[in-house]
Ligand code: SF4
Ligand code: SF4
Ligand code: SF4
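Protein chains in written order, with the working numbering: chain P, 7 to 180; chain D, 64 to 441; chain H, 7 to 107; chain A, 102 to 249; chain Z, 236 to 400; chain Y, 23 to 192; chain G, 4 to 209; chain E, 2 to 433.
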């Protein structure tokens with residue numbers, strides 16, 4: 007009787023079940039931990055596209071100090087970054103470069119559209135050289151309105167992004 | 064204006080082999096919103112080609128579709144942290160075209176606002192200069208102290224940077240109650256703070272040895288290239304529009320212009336700092352001389368029409384002389400608005416200064432030109 | 007096993023052989039430099055080994071001396087290679103022969 | 102010789118508790134150094150899994166060939182990455198090779214100086230004088246731009 | 236020696252700053268005060284001067300649906316669109332009111348200047364970030380909400396540096 | 023322990039010596055050369071001469087290998103990956119190598135070297151310095167002269183002669 | 004040319020404007036500080052002198068558009084602009100160009116390029132701006148660089164116009180002969196439309 | 002519009018952890034213990050307390066805490082413990098992690114701001130963990146034309162070399178991973194590996210900016226190696242030994258920095274340069290060459306390089322302490338263990354368990370470690386401080402400084418040491 011049970015098929019099934027259970031067991035805490043890490047260590051890439059970079063700079067100044075949230079500004083290389091803050095107007099000259107920068111960044115990566123220009127074109131809705139918002143070229147996670155947004159608004163946007171990351175799935179598969 | 068020659072010992076045998084072309088920008092911590100294509104031979108820059116235009120938004124074209132008032136939010140966008148100054152020549156020109164007369168008190172408030180804005184701009188510039196030199200504290204201190212003045216401007220205008228404060232015929236709203244005291248207190252503290260920068264920045268031997276004798280712009284070259292502002296004054300030309308062609312009430316205020324002879328990056332970076340102290344002086348002086356009450360704005364008709372003709376007005380902004388050329392053809396919209404911006408005028412000096420320099424000097428020389436890419440691109 | 011002199015000497019002989027092979031076969035100037043280094047090292051190994059087994063400080067002293075000379079030799083050798091490379095844009099010894107005229 | 106004499110004479114110099122341990126058997130001393138190698142190996146063994154785990158955990162998208170281009174400031178890169186490129190300071194590396202030898206050589210002298218008579222310093226002074234001469238010349242040369 | 240003293244001076248100044256107070260405004264806990272000393276903001280109605288960079292506030296009982304704000308905004312950013320409001324509100328005859336898209340608005344305040352009936356004001360409610368573009372469009376009903384003013388920090392200057400308190 | 027170390031070191035040293043000469047890429051060749059040099063340093067350690075071993079590591083691996091790598095990176099990319107050798111001489115070279123190794127090995131195994139073993143304590147490294155300063159001091163001075171000559175000569179050689187018409191075209 | 008009548012009107016208007024401007028500038032300085040602005044009545048004479056010098060030298064080739072306090076405007080034909088610029092630099096001591104603006108006049112089928120000259124070295128000229136305008140023919144179907152819209156470049160006289168002229172070239176399609184570097188500056192590399200500052204180039208929705 | 006999944010709850014997280022615990026225990030019971038027993042049967046066991054460690058004995062010791070102490074003590078004398086935990090990798094990594102946190106907080110304080118604050122509730126102490134977790138779950142990009150083996154190996158080798166450097170630093174009397182009689186030379190030998198790894202990784206990335214950065218790093222490290230070596234010669238002359246433990250022990254009465262301040266200053270400056278810290282962070286000068294030789298490193302590779310950098314920082318600071326500040330020597334501040342603990346051990350309240358021979362470490366060792374750590378932290382503070390005060394310098398200035406000024410000063414230092422020795426102030430028969 008016991009011999010009947012121990013067959014290769016059953017063993018396979020058993021191992022498969024064990025694997026499922028293990029994956030389920032590991033998945034959640036690991037995902038939680040990874041997401042937690044990602045939340046507190048958003049490193050924005052150093053790309054300035056227009057005048058909103060002034061307020062982006064102000065956000066990392068001592069008065070607002072985004073480093074409190076683990077956001078460090080001084081990263082040179084885009085290979086180490088995971089957040090694109092599109093700081094304002096995207097002109098037709100800048101758009102391909104922005105896309106390239108986004109493409110070259112490692113996964114996972116997030117996009118914040120900062121300023122009216124980055125969201126819809128803002129003031130430059132009728133300009134000949136400005137894209138009407140960056141939705142066409144990048145998948146945006148959080149929109150931060152304003153012209154330029156106050157640093158508080160940007161920080162609030164970052165907090166929203168953290169909230170969003172918390173609810174994302176950390177990995178596709180082990 | 065002879066073409067720049069290579070430094071001795073840098074004649075190149077086979078150009079294609081030893082020269083490396085670097086794209087500095089637009090995603091580069093040391094480029095701002097532009098691209099500089101540099102070619103280096105070892106450690107020396109042998110060719111440099113600035114490539115601006117990444118923020119070219121067609122402001123001048125759009126200004127032709129909007130009337131004199133609706134243009135205001137647009138025309139301050141090129142330099143949002145110096146927005147009072149960049150609006151100033153436009154507003155002066157529009158006033159001349161529309162035949163308006165500004166109340167005395169508004170003139171003083173304009174001067175105060177524009178001086179505050181000059182400091183705000185310069186502090187931001189200084190902060191970025193720090194980043195370019197690899198000095199993170201030099202970013203943080205000015206960027207933090209700048210907030211003191213931003214706070215004042217916020218009290219005056221309600222906005223942190225894009226104030227839209229100057230309108231043809233005066234200013235948009237009066238000063239808040241009790242503003243003078245707060246302003247005096249914060250400006251005094253601000254002045255004390257920027258004096259503390261001397262130890263860590265301007266008298267720091269490492270910074271001095273890094274920037275002194277690099278990127279030297281001689282007096283003749285500075286004049287011939289038509290540079291302006293701190294770049295010009297660092298090369299020994301005493302030219303400040305506020306002194307030479309005083310607008311509003313600058314001729315009644317007491318201030319000096321700062322001139323240095325050496326024309327190197329150090330002088331170019333030090334002049335704006337000295338200018339900030341003068342600005343503090345101007346602000347205090349203006350606060351004292353300002354009429355304590357009175358109207359601040361002449362009422363405008365809706366859709367005012369400009370007189371036929373053209374005006375060219377200029378002011379001294381944080382970066383240098385800023386001109387605005389307006390042509391009007393008796394319509395509510397100006398026929399043509401041209402901003403002659405100091406950044407664009409100073410950009411021409413960049414290739415001249417960089418060729419023959421070491422690669423390590425590139426960021427400091429570039430940013431010492433007091434260049435704001437968004438303004439140059441308009 | 008390692009307590010005998012012979013093994014060390016044999017290793018050094020093997021290295022010497024490899025070095026001589028490299029010197030005779032390779033025409034790449036840098037490779038030849040490698041071969042020379044290997045030969046020098048074989049010699050050093052011998053010196054130190056003998057110095058250890060006939061306890062005498064001379065072995066180590068000479069080895070130090072030899073390493074120092076080798077450094078000097080490499081500096082000069084590489085400079086020569088660079089000069090030759092700059093002239094001929096190649097590092098093939100056969101090309102350098104025309105140096106003599 | 103003199104060294105042995107001083108050692109047997111019981112050094113009055115109290116800083117030194119013991120003189121170097123001397124190996125009787127061939128290869129005995131090497132045991133001390135094995136821990137350095139062990140540490141090296143341990144670090145490799147501990148850190149390589151970090152990369153493997155990271156490779157396992159991280160999301161990967163290789164659909165985009167642009168991603169694997171060399172990074173060049175948001176520009177599609179041009180030209181060769183490893184060009185034949187040199188800075189003007191090649192002379193310093195040449196100097197390093199020679200003076201590194203000299204500098205470490207001085208340790209052979211420095212660590213023995215306590216056990217030697219004073220006149221044994223003379224040769225090293227001569228040696229240093231020669232090397233100083235060479236170094237002055239080399240530094241003078243290396244200031245030139247055309248050395249690479 | 237000048238170099239050495241310069242370096243020592245710089246180090247000294249750096250160490251001195253470690254003892255200074257921090258300037259940081261801890262944003263989510265503290266918020267900038269717009270009330271009082273010098274600020275042009277009325278806490279009771281929640282409205283400020285036209286330049287204030289916060290979202291707008293619409294007083295339904297004043298708005299006549301005259302579209303002047305929308306026309307003013309056309310030259311700036313085309314952020315205001317007039318939308319139908321439910322008939323039962325009975326605020327104005329045409330029952331249209333401005334709806335503002337904050338994805339476009341640049342907070343210039345020209346619409347506030349343009350409104351002849353004092354129906355539109357700017358407030359200090361700047362926390363407008365959103366996950367989606369749709370979330371940035373504020374309908375007349377949303378615009379009517381008066382922002383809460385629980386903000387109390389301002390710059391204070393003491394002997395140990397400027398702080399927020 | 024020492025035996026195992028000896029075996030491993032022999033394999034590393036000889037293997038990487040062959041690799042240094044035979045690997046296609048010069049950069050990998052330099053790395054293999056570093057392996058050889060490090061292996062020799064290991065032998066020195068086994069022979070209880072740590073000073074020489076560390077000297078070997080610091081000088082050979084730390085500076086000579088760097089210089090070689092640097093020079094390798096200086097040459098053109100094609101040349102790094104090109105094998106330059108005489109096909110005809112290859113077999114002659116191998117034969118030469120084998121003959122030499124066999125002959126020398128036979129001589130060594132035949133000679134009295136095999137009898138040399140020792141129980142004496144190793145030579146302390148301080149004696150090296152002592153040697154240099156007392157008995158070998160002319161050699162020390164000579165070494166100073168050689169090093170000076172080397173650096174002078176190398177620098178003079180490495181200087182580039184400017185070409186007059188070498189202005190760049192842009 | 005049809006612009007003459009317009010020019011006259013401009014002159015009249017500017018004179019009116021000047022009067023009002025005088026009034027404005029007199030008012031705020033009643034008796035506080037007489038020093039810096041005292042020579043105001045004489046100034047137009049000074050500017051007149053500048054204008055006269057140019058007219059004296061070039062006669063018919065140039066026309067004076069306006070003379071205002073601190074501002075003089077002259078207008079030159081495209082063939083003489085080089086000469087006039089040389090004269091202003093060498094004799095009148097204007098040493099750099101503040102701005103170069105291109106203005107499109109589709110009605111006149113012309114494109115005007117306005118140089119604003121000023122001086123750092125000459126203290127008497129420090130308040131002055133000399134406006135030198137010149138016109139190039141305009142084509143309705145522009146092929147920037149390859150049509151009749153051409154002007155001589157002033158780069159060999161005023162080095163500072165280098166980037167300005169590049170900008171005018173791409174914004175209005177005026178090709179500057181003798182400019183060493185007539186490349187694109189601000190617009191994207193793949194811009195294939197009309198030069199954007201021409202009046203017949205319309206922004207979207209306008 | 003992005004869809005947002007329901008929030009992840011902490012309670013679920015805890016529950017899943019409990020799940021995991023259950024499974025781990027189950028697997029341990031079913032597979033782990035039998036495996037351990039098997040291993041214990043077949044492997045030669047050490048003799049502890051005069052008893053051969055048989056599997057049964059080991060099991061009893063596992064159950065009775067007081068009897069397990071000998072095992073721990075025996076384990077602590079093995080090389081593995083030294084390498085992995087106390088003076089070796091674990092200890093160094095801990096200090097490195099602390100350094101990163103302190104650096105960020107201190108820099109922030111100097112710049113009048115807060116620094117990491119929200120991560121980990123209390124002043125952001127978990128910031129480093131957050132960064133680490135992020136980096137480990139980040140994609141690693143290998144550029145298409147890169148030399149893959151070298152590119153992968155470089156960060157690991159970097160950490161490993163730094164670890165080998167750490168191995169040479171004595172922490173307390175007798176507590177050093179490798180007690181080597183030519184320790185100082187071994188240090189130089191290990192330092193010599195860093196430029197090679199740097200230039201190889203830079204070359205392998207096949208990109209322009211890393212290559213320039215790598216070459217800069219090479220120049221920098223190489224040029225400052227000679228002043229580094231020369232500046233330490235003074236100490237060697239005065240002590241006559243190359244063993245780091247002996248050098249540290251020789252300073253029981255006074256540290257060498259009193260007699261050789263110039264050497265200490267030169268060593269400190271060269272240390273900054275070798276560590277690529279501001280003002281000498283040219284290889285990573287982000288405003289000139291993006292991130293230097295780190296430009297192409299992404300994800301955990303970058304993390305490893307950072308770890309290596311900070312390990313190196315700890316090692317250099319430790320070396321400075323050992324050579325110039327007297328290593329572990331300092332007045333005894335560690336309270337002596339009460340007599341009964343040493344003889345009888347501790348009695349633990351309700352569950353009566355006695356721990357005889359409890360103080361695992363001796364009092365001297367703990368005191369020495371405390372002093373060593375204190376001094377090291379002080380030195381690290383001074384290494385970190387320039388980052389807030391100085392800008393970056395330029396390559397030619399750097400080379401000039403290294404080759405002209407520092408080498409000259411180092412020789413001045415050597416002659417001071419010689420003078421002290423021959424004037425009879427120090428050395429055999431000297432005053433001190
Ligand atoms: S939103 Fe405003 S501040 Fe930001 S880029 Fe656009 S115009 Fe500039
Ligand atoms: S808000 Fe004011 S301007 Fe706008 S529709 Fe209402 S009443 Fe008219
Ligand atoms: S503030 Fe300006 S942009 Fe915003 S709705 Fe009003 S007019 Fe339009």
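Glycine included, every Cβ here is placed at the ideal spot set by N, Cα and C.
For clarity, every value in this text was computed on a predicted model and none was experimentally measured.
Residue i, enclosing beta strand (DSSP E) - first and last residue
| i | result |
| --- | --- |
| residue 133 (chain G) | 132-140 |
| residue 113 (chain D) | 107-114 |
| residue 113 (chain G) | 113-121 |
| residue 387 (chain D) | 384-391 |
| residue 434 (chain D) | Looking at the DSSP string, residue 434 (chain D) is not in any beta strand (DSSP E), and its letter there is neither H nor E. |
When the options are compared against residue i, the one with the closest alpha-carbon
| i | options | result |
| --- | --- | --- |
| residue 114 (chain Y) | H:52, H:24, H:94 | H:24 |
| residue 304 (chain E) | E:110, E:137, E:292, E:114 | E:137 |
| residue 163 (chain E) | E:288, E:276, E:400, E:258 | E:276 |
| residue 126 (chain D) | D:115, D:352, D:413, D:140 | D:140 |
| residue 416 (chain E) | E:328, E:141, E:274, E:231 | E:231 |
| residue 98 (chain G) | G:89, G:104, G:195, G:106 | G:89 |
| residue 297 (chain E) | E:153, E:33, E:89, E:77 | E:153 |
Start and end residues, alpha helix (DSSP H) containing residue i
| i | result |
| --- | --- |
| residue 302 (chain D) | Counting along the chain, residue 302 (chain D) falls outside any alpha helix (DSSP H), and DSSP gives it neither H nor E. |
| residue 12 (chain H) | 11-31 |
| residue 381 (chain Z) | Note, residue 381 (chain Z): premise wrong, no alpha helix (DSSP H); not H, not E. |
Residues bridged to residue i (per DSSP)
| i | result |
| --- | --- |
| residue 122 (chain E) | Residue 122 (chain E) is not bridged to any residue. |
| residue 77 (chain G) | G:67, G:135 |
Residue environment, residue i, which counts as buried when at least 16 other CB atoms sit within 10 Å
| i | result |
| --- | --- |
| residue 282 (chain E) | buried |
Mind pulling the beta strand (DSSP E) runs of 3 or more residues that sit fully within the region 142-191 of chain G? You should have 153-155, 178-180.
Could you tell me which uninterrupted alpha helix (DSSP H) segments, each at least 4 residues in length, are contained entirely in the region 113-173 of chain P, listed from first to last along the chain? Taken in chain order, the whole alpha helix (DSSP H) runs of length 4 or more contained in the region 113-173 of chain P are 122-126, 157-173.
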